[in-house]
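This report refers to the structure that appears directly beneath it.
Residue numbers (the numbering used here), protein chains in the order written: chain A, -7 to 152; chain B, 3 to 502.
What follows is the structure, given as C-alpha cells:
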C-alpha cells in the first residue's frame, strides 16, 4: 500500500491535560456568557432544553477533543525531512524537506509554561507550509530546535 | 547613471541623485487631488464671506509646499551593491536594500507623468509592503535603464561570448509575445466584475417588479392587468438600458486597465515584461529565475465565451498586490495556452489530459454543492407553507438547479497530472484554475483530510511554494494517488514516511 504511516513520536501526555483545561475554560466561558446574557437581557430567552443540550455538547467536547487530539498529534524529524500530524476532526499532515526550512521557532506560551510545555515551529519560504509541533516537553523542544537548526544549516541553498 | 563600483574596497562614495525636477509639476497636482475634500470644504465655507481669506491661501500653499519639500528631501543612489533611498526633512529616513534581494521592478506612469515623460520605479524585494522602494519620478529613459541595471544585477553576468571560434555573441532582443487586440473587449462583461454588476441589475429589476406588484397574485380586473403589462414593458426597457450601461462600464474598465497591453520577453537578461494601461501605464518585469509556474484562470463566465486569463507564480511578488503577477488579462483561450506554453517552455503541461480523481471525489463535489442547495430549498418550502405565499415554493427549484449545475461542473473540473517537471492541478467552477508548478519549486507537502474525507479515503494535497498564492491545491484525491504523486514529484522526500 502506498499510504503514509503516522509520524513516530507522540507529544507529551501533559499536552492532553493542557488541552482539557483549555477546552474546559472555553466551555465555561461560552456557557457563562450565554447564561449572563439570558439573565440580564430579558427579550433573549434560552429554553432550558437548549441550554442543557449545549452543556452536554460542551462536556463532550471537553472530554473527547483532547483525547482525540492527543491520539492524532505526532511528529518526526529525520536527517532529511520533518513530518508532522496535527488536528482532530480534520487532520493535517505536513512534510517539509530539511533543505527548505528557513527558521526554527521555539515558543513557550504563558499557559503552556504551567505544564512545562513548549511548541516548535519550522517555517519554510511558503506562508502555507509552516510545521508546528504543539505540546512538546520543554527540554525535548529545546533539543529539537538545536537539532533542526543544525540539520537545516548543513544543507546549502536559499530555500526557495 | 551611476555604475556599481568595482569590488576592491574602499569604495568611493557614490553621490546621491535627485529625482527629476519635473516632478515639481506633478507633486502639487497630486497633493491638490489629495487635499480636494479639504479644498472643497474651504471654498464652500469661504463662499459666504465672499472674500479670499487665509484658509483659501493655505489651501493652495500647503499642497505646493509639501510637493516642493518632498522633491528637495528625496534622494537615491546605487552604492556598494545596495539601492538606497533617503527622504524626510525633520526625521531622515533611509531605505536601503541589497541588490541581490531585488526581485521585481515595476515602472508606472500616471497621465500627468506621461505628458512630462516621467515614470515611477518601484523596486520590490519580495518581503512585501514596507520594504519596497519607490523612486517617484525619473525620466522614462532613465527609469528603463535603471530597471535593466537592477534586473541584470539579479542574475550572474553571461559568459563572455567574444572569443573568435566560439558561438556568435548573443544579440539582445525583445520578442513581443502578445499585443492588445480590440476584439478582446468582448470578454470584459464575462469577468467576475461584469457578472457581479449584472447580478445587481437582475436584482434591481426583480425588486422593481416586486414594488410594482408583478409578484402578487393576478386579479381579474382587466384595467389592473393592462396597467401591469404597461409597467412590465417599462421595467424590461429599464433593465435592458441598465444592462447596456453595465456592459459599457465593464468594457471601459477593461480598456483603461488593459489598453496598450503588450507582453514581451527579453533575451539577454531573461525576463518577462507586462505593459498595460490606457491612461496610467504600468510595466512589470518578472525575472525568469523567479518564475515558478503559471496559473490559467478559467472562470465559468470566461469559459462560456472561450476565454481565459493567465498569471505567473513568481517568488518575491507582494501577495497583497494582486494583479501584479498577471501575464494576460481576459483573452482568447488559445492565446492563453500559447503564452502559458511559452512561459513554461513546453506545450505538454498546458494541454496534458488530467488524471480523474475517481467516483468518490466526484460524489463529494456533488454532495457539497447539493446539500446547502437542498437546505435552502427546504427552507423556502417551509416558509411558503407557513406564510401562505404559495409562489415561494416555486422558487425552491432555483437553488437546486444552481447547485446541480455547480456540482456537475466542479466534479468534471477536478483533476491533476505530473508532466515531466511540472505538477498540474485543476479545480473549481466559478473560479476554475489550472495551475502549473515546477516540481523543484515545491517546498513541502500538506495532506489535509476531514473526517468525511477520511471515510471516503480522500485527501486534499497541497504543494506549498514560495510564489503566487503560496500553494497549489490538488482537491480530493485518493490517498494512495496523493502519496504516489508526492514521491514522484519530489523524489527522496515522502518515501521515508510511507507505510511498508
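Glycine residues also receive a C-beta, built at the ideal position from the N, C-alpha and C atoms.
- Where residue 415(B) is concerned, the enclosing alpha helix (DSSP H) starts and stops at 399 to 415.
- In this structure, DSSP gives residue 445(B) a state outside helix and strand, which the three-state scheme calls coil.
- Residue environment for residue 345(B): buried (at least 16 other C-beta atoms within 10 angstroms of its C-beta).
- Residue environment analysis places residue 353(B) among the exposed positions, since fewer than 16 neighbouring C-beta atoms fall within 10 angstroms of its C-beta.
- Here residue 65(A) has 3 and 78 as same chain residues with Cβ atoms under 6 Å from its own Cβ, once five neighbours each way along the sequence are excluded.
- Look at residue 79(A) here: in three-state DSSP terms it is strand.
- The beta carbons of residue 110(B) and residue 124(B) sit closer together than 8 Å.
- With fewer than 16 neighbouring CB atoms inside 10 Å of its own CB, residue 131(A) falls in the exposed class.
- With fewer than 16 other Cβ atoms from the protein chains shown falling within 10 Å of its own Cβ, residue 235(B) counts as exposed.
- Close to residue 125(A), with beta-carbon spacing below 8 Å, lies no residue of chain B; the smallest spacing is near 15 Å.
- Residue -5(A) has a beta carbon lying within less than 8 Å of a beta carbon in chain B.
- Distance from the CA of residue 91(A) to the CA of residue 147(A), rounded to the nearest whole angstrom, comes to 5 Å.
- Residue 317(B) is not a Cβ neighbour of residue 446(B), given a cutoff of 8 Å.
- Legend: CB atoms of the segment 422 to 436 of chain B lying less than 9 Å from CB atoms of chain A are not found in any residue.
- Linking residue 25(A) to residue 16(A) through their CA atoms gives a straight-line distance of about 14 Å.
- With respect to the C-alpha of residue 181(B), the residue from 85(B), 28(B) and 330(B) having the closest C-alpha is 330(B).
- Residue 125(A) is bridged by DSSP to 112(A).
- Approximately 5 Å separates the beta-carbon atoms of residue 24(B) and residue 118(B); this is inside 8 Å, confirming the contact.
- In the DSSP assignment, residue 428(B) is bridged to 417(B) and 436(B).
- About 34 Å separates the beta carbon of residue 46(A) from that of residue 86(A), a gap too long to meet the 8 Å contact definition.
- Nearest to residue 451(B) by C-alpha distance, out of 32(A), 119(A), 80(A) and 52(A), is 80(A).
- Comparing alpha-carbon positions, the option among 261(B), 86(B) and 283(B) lying closest to residue 114(B) turns out to be 283(B).
- By the criterion of at least three beta-carbon pairs nearer than 8 Å, the segment 388 to 399 of chain B is not in contact with the segment 409 to 423 of chain B.
- Within the same chain, Cβ atoms closer than 6 Å to the Cβ of residue 88(B) are found at 77 and 96, the five residues on either side in sequence being excluded.
- In the DSSP annotation of this structure, residue 11(A) is not part of any beta strand (DSSP E); the continuous alpha helix (DSSP H) holding it starts and ends at 6 to 32.
- Taking 8 Å as the threshold, the shortest C-beta distance from residue 1(A) to chain B does not fall below it.
- Its Cα nearest to that of residue 416(B), the residue 431(B) stands out among 455(B), 406(B) and 431(B).
- Residue 310(B) counts as buried, since at least 16 other C-beta atoms from the protein chains shown sit within 10 angstroms of its C-beta.
- In this structure, DSSP gives residue 65(A) a state outside helix and strand, which the three-state scheme calls coil.
- Non-local C-beta neighbours of residue 491(B) in its own chain, meaning closer than 7 Å and more than five positions away in sequence, comprise 420, 425, 441 and 444, ordered along the chain.
- Contact with chain A is found for residue 464(B), since one of that chain's Cβ atoms lies less than 8 Å from the residue's Cβ.
- Among the CB atoms of chain B, none fall inside 8 Å of the CB of residue 141(A).
- With a threshold of 16 other beta carbon atoms within 10 Å, residue 287(B) meets it and is buried.
- At a cut-off of 8 Å between beta-carbon atoms, residue 75(A) makes contact with chain B.
- Listed as beta-bridge partners of residue 178(B) by DSSP are 266(B).
- Not flagged as an interface residue toward chain B: residue 111(A), since no C-beta distance is shorter than 8 Å.
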